[in-house]
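> Everything in the sequence shown is counted per the UniProt record's numbering, starting at 1 for the first residue and increasing by one.
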Amino acid sequence: MTAETTPMAEEQSLNVQQEAAMVEEEKSKVVVVAVDNDDDVPADETETEMKREEEKEASIVDKNGSFREESNCFSDLKENEKKALAELREKIENGILGKEEEEERDVALWGVPLLPSKGSESTDVILLKFLRAREFKVKDAYEMFEKTLQWRKEAKIDSVIGEEELGAGLSAACYMDGVDREGHPVCYNVYGVFADEALYQKAFGTEEKRGEFLRWRVQLMEKGIQKLDFKPGGVSSLLQITDLKNSPGISKKELRTAMKNAVQLLQDNYPEFVARNIVVNVPFWYYAIHSILSPFLTQRTKSKFVFARPSKVTETLLKYIPAEQIPVSYGGFKCQKDAEFSIEDTVSELIIKAGSTESIEIPTPEAGTRVVWDVTVLGWEVNYKEEFVPEDEGSYTIIVQKSKKMGPQEELVRNCFRTNEPGKVVITIENSSFKKKKVLYRFKTSNNTLSSS
Numbered sequence: 001m002t003a004e005t006t007p008m009a010e011e012q013s014l015n016v017q018q019e020a021a022m023v024e025e026e027k028s029k030v031v032v033v034a035v036d037n038d039d040d041v042p043a044d045e046t047e048t049e050m051k052r053e054e055e056k057e058a059s060i061v062d063k064n065g066s067f068r069e070e071s072n073c074f075s076d077l078k079e080n081e082k083k084a085l086a087e088l089r090e091k092i093e094n095g096i097l098g099k100e101e102e103e104e105r106d107v108a109l110w111g112v113p114l115l116p117s118k119g120s121e122s123t124d125v126i127l128l129k130f131l132r133a134r135e136f137k138v139k140d141a142y143e144m145f146e147k148t149l150q151w152r153k154e155a156k157i158d159s160v161i162g163e164e165e166l167g168a169g170l171s172a173a174c175y176m177d178g179v180d181r182e183g184h185p186v187c188y189n190v191y192g193v194f195a196d197e198a199l200y201q202k203a204f205g206t207e208e209k210r211g212e213f214l215r216w217r218v219q220l221m222e223k224g225i226q227k228l229d230f231k232p233g234g235v236s237s238l239l240q241i242t243d244l245k246n247s248p249g250i251s252k253k254e255l256r257t258a259m260k261n262a263v264q265l266l267q268d269n270y271p272e273f274v275a276r277n278i279v280v281n282v283p284f285w286y287y288a289i290h291s292i293l294s295p296f297l298t299q300r301t302k303s304k305f306v307f308a309r310p311s312k313v314t315e316t317l318l319k320y321i322p323a324e325q326i327p328v329s330y331g332g333f334k335c336q337k338d339a340e341f342s343i344e345d346t347v348s349e350l351i352i353k354a355g356s357t358e359s360i361e362i363p364t365p366e367a368g369t370r371v372v373w374d375v376t377v378l379g380w381e382v383n384y385k386e387e388f389v390p391e392d393e394g395s396y397t398i399i400v401q402k403s404k405k406m407g408p409q410e411e412l413v414r415n416c417f418r419t420n421e422p423g424k425v426v427i428t429i430e431n432s433s434f435k436k437k438k439v440l441y442r443f444k445t446s447n448n449t450l451s452s453s
């Protein structure tokens, strides 16, 4: 049978060729900040830079993998930083009090009064964000501060929260969900939804729509900021996750423009509001687009990026976010409207060595015990089975889930079983690969004694 080339196939081929050409053009300029390496990441001239940045990342990540946010307590600052903060306080005090209009003197940012003489303990936390964004150069920090106030006034940002018509139909593209190990609210940016051409045109089809998209993105940022605590020692920044799975390629000019504009706007007007930016499901073309965006990023912003190839997504996220806070779609345990578990239910860990088998045993000492469990294996590719083994040796073992080969893309397994007699649920995982496997699991038991007939 002879294959016929369709117009759609020709278009897809052209897009791939365009993306490949752009990748080759930009390849020599690519600077990868931090990569959770996988076998399919090309070894090129950036390898040394990757290792250097990974070492830098390690210095700000504790032994549990949690990002250590810089202190916003005055007592923890270095002397030169204290001096810079005092100078910025004075410049802002003089600048605001010099305003002719009374209402302009009562200015606030994100609910925090900006006049140091107001005595709010949160004022210094906000000012430190501007100083850190400009490496404690007071003049530059003050200029950034004034431009932010002017932009917010002109764009009427204080009223953007109430604009309910923004982002209609785009809720799957960007949303807040859970917190990381340090309490940072987590914001997910899912570009794969724009593979749908109708949605793509709705968001980026015209200049007006791109402007509305940008304002919607600002609205989401403002809503995320409402979850923060600007008291000294509080959590005052977000964790951003950018998911590029099935995302339109860099041949989509409107998407490139929107991304560049969003990055520039957020960097200029929301200093130090992102503790870490984790980019997951990174395709080959993204390294080119990252190099295009790179000139618009400060070195400090660049240092907060972590990249994860598809096979490393869950492993990477677990460094920063507890499993019970990671959505099931990303290999975690968080289900929407979960009637069985909550984020308070602890997830346990089990390591299975290469070529070995391990079991998870859940005791059920009474008849009528109901057991529910969640299990996932990072990278799966194991043999998996579930059984109920009675305490009475004369009783038969019950197969709950017969042995099956689990592929690499499997999601969380949830199952339940009610016993008729004392015994235990046994979950057996056989790792026949040459690499160790990490198993994450949790379970609950409850008892409703069976009534006799």
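Built from N, CA and C at the ideal position, the CB exists for glycine as well.
Mapping DSSP to helix, strand and coil, what is Arg418?
strand
> Looking at the unbroken alpha helix (DSSP H) that takes in Asp180, where does it start and where does it end?
Segment: none, Asp180 is in no alpha helix (DSSP H) and carries neither H nor E.
> Relative to the C-alpha of Phe284, which candidate in Met221, Asn94, Arg309 and Asp392 has its C-alpha closest?
Arg309
> Is the beta carbon of Tyr142 sitting closer than 8 Å to the one on Leu88?
yes
> Along the beta strand (DSSP E) that carries Asp76, what are the first and last residues, could you check?
Unbroken run through Asp76: none, as it is neither H nor E.
> Could you say which of Ser120, Tyr200, Thr369 and Ala275 lies nearest to Leu239 if we only look at CA atoms?
Ala275
> Here's the rule I'm using: 16 or more other beta-carbon atoms within 10 Å means buried, otherwise exposed. How should Asp374 be labelled?
buried
> Buried or exposed: Cys416, going by 16 or more other Cβ atoms within 10 Å of its Cβ?
The residue is exposed, with fewer than 16 neighbouring Cβ atoms inside 10 Å.
> Helix, strand or coil: how does DSSP classify Leu131 here?
helix
> Can you tell me which of Ser291, Val263 and Ser236 puts its alpha carbon nearest to the alpha carbon of Phe273?
When the alpha-carbon of Phe273 is set against those of Ser291, Val263 and Ser236, the nearest one is in Ser236.
> Is Ala339 helix, strand or coil when you go by DSSP?
coil
> So, helix, strand or coil for Asn281, using DSSP?
coil
> Between the C-alpha atoms of Leu412 and Lys83, what's the straight-line distance to the nearest angstrom?
The alpha-carbon separation between Leu412 and Lys83 amounts to approximately 52 Å.
> Taking Lys319 as the reference, which of Val328, Ser329 and Val306 has the closest Cα?
Val306
> Quick check: Val328 and Arg442, are their CB atoms within less than 8 Å of each other?
no
> Thinking just about the alpha-carbon of each residue, which of Leu378, Lys404, Val371 and Trp380 is nearest to the one in Arg414?
Val371
> Compare the beta carbon distance of Leu85 and Asp140 with 8 Å and say whether it is the shorter of the two.
It is not a contact, given that the beta carbons lie outside the stated cut-off.
> Would you say Glu349 and Val439 are within 8 Å of each other, going by their C-beta atoms?
In contact: Glu349 and Val439 (Cβ atoms closer than 8 Å).
> For Leu131, which residues in the same chain have their Cβ closer than 7 Å to its Cβ, ignoring the five residues on either side in sequence?
Ala84, Leu85, Leu88 and Ala141
> Measuring alpha carbon to alpha carbon, tell me which residue in Lys245, Ile321 and Ile289 is nearest Ser252.
Going by the sequence as given, residue 252 is Lys instead of Ser. Comparing alpha-carbon positions, the option among Lys245, Ile321 and Ile289 lying closest to Lys252 turns out to be Ile289.
> Can you look up Ile326 in the DSSP assignment and give me helix, strand or coil?
coil
> Write down the C-beta distance between Lys302 and Ser294 rounded to the nearest angstrom, noting that I regard them as a contact closer than 8 Å.
7 Å
> If we call anything under 8 Å between Cβ atoms a contact, is Ala173 one with Val160?
No, the Cβ-Cβ distance between Ala173 and Val160 is not below 8 Å.
> With Ala308 as the anchor, note down where its beta strand (DSSP E) starts and where it stops.
Phe305 to Ala308
> Spell out a yes or no on whether the segment 386-403 and the segment 325-340 are touching, meaning 3 or more CB-CB pairs, one atom from each, closer than 8 Å.
Contact between the segment 386-403 and the segment 325-340 is absent, with fewer than three C-beta pairs closer than 8 Å.
> Is it the case that the Cβ atoms of Thr242 and Asn277 are separated by a distance below 8 Å?
Yes, these two residues count as a Cβ contact at 8 Å.
> With a Cβ-Cβ cutoff of 8 Å, do Lys129 and Pro248 count as a contact?
no
> So, does the segment 349-361 touch the segment 427-435, judging by three or more C-beta pairs under 8 Å?
yes
> Taking Asp374 as part of the beta strand (DSSP E), name the residues at either end of that continuous run.
Thr369 to Val377
> With 16 other CB atoms within 10 Å as the buried threshold, where does Phe213 fall?
buried
> Which residue comes first and which comes last in the alpha helix (DSSP H) that contains Asp140?
Under the DSSP assignment, Asp140 falls in the alpha helix (DSSP H) whose first and last residues are Val138 to Ala155.
> Quick one: measure Cβ to Cβ for Val282 and Leu220, integer angstroms, because I've assumed they're closer than 8 Å.
Contact flag wrong, Cβ pair sits at about 22 Å.
> Give the secondary structure of Ala108 by DSSP, where H, G and I count as helix, E and B as strand, and everything else as coil.
strand
> Find out if the Cβ-Cβ distance for the pair Gly355, Ser432 is shorter than 8 Å.
yes
> Given this structure, state the Cα-to-Cα distance separating Val107 from Asn94, to the nearest angstrom.
13 Å
> Is the beta carbon of Ala258 less than 8 Å from the beta carbon of Phe204?
At the C-beta level, Ala258 and Phe204 come within 8 Å of one another.
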